[in-house]
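Numbering (our numbering), first residue to last: -15 to 123.
The beta carbon of each residue, even a glycine, is placed where N, CA and C say it ideally should be.
Reading through the structure tokens given below for one structure.
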Amino acid sequence: MKLCRFLKCMSIITVLSLIYINMQMQIFALAYQGKKNEKQIIELSEENGNTTFDILRLKSVNHLGLDLFAEKPVMRFQDNANVIQLVTAELTPESVEEVIPERVGKIDALLSFLSLRTPAEARAAERQDRARPWQTRSR
């Protein structure tokens, strides 16, 4: 009877030990898999950055211009001698400066006619020795 009980206890302990070892092996396998996934994420992130850089380089104006000039060598950048100036009917900044003072003078005359008060003047505040309410101290 003692031998039968001893074998049952030993078989239960062996099964529990095997289950524990299996769980520990799965934990280590998942840890190694996590490290491998982390390394793969870093590599993909670097590859993404390199690909983004390549796309931006290919879309850059300098690259597109060099490609265009390589395909059609007759094209060239314009210099100041080849710039054409157009005459427009709109007001230019020089003509706007001439028109504005005339309008401002007319508006001031109209406003002064409508206003019954005199223009506001800035005066220096006189210093008073008496204490103001926000400056008083409670004792």
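The three-state reading of DSSP puts K(-14) in helix, counting H, G and I together. Just so you know, the alpha carbons of Q24 and E30 end up roughly 10 Å apart.
Note on geometry: alpha-carbon atoms of L0 and K(-8) lie some 12 Å from one another.
Per DSSP, L70 lies in no alpha helix (DSSP H) and is assigned neither H nor E. In the three-state reduction of the DSSP assignment, V58 falls in the coil class, being assigned neither a helical nor a strand state.
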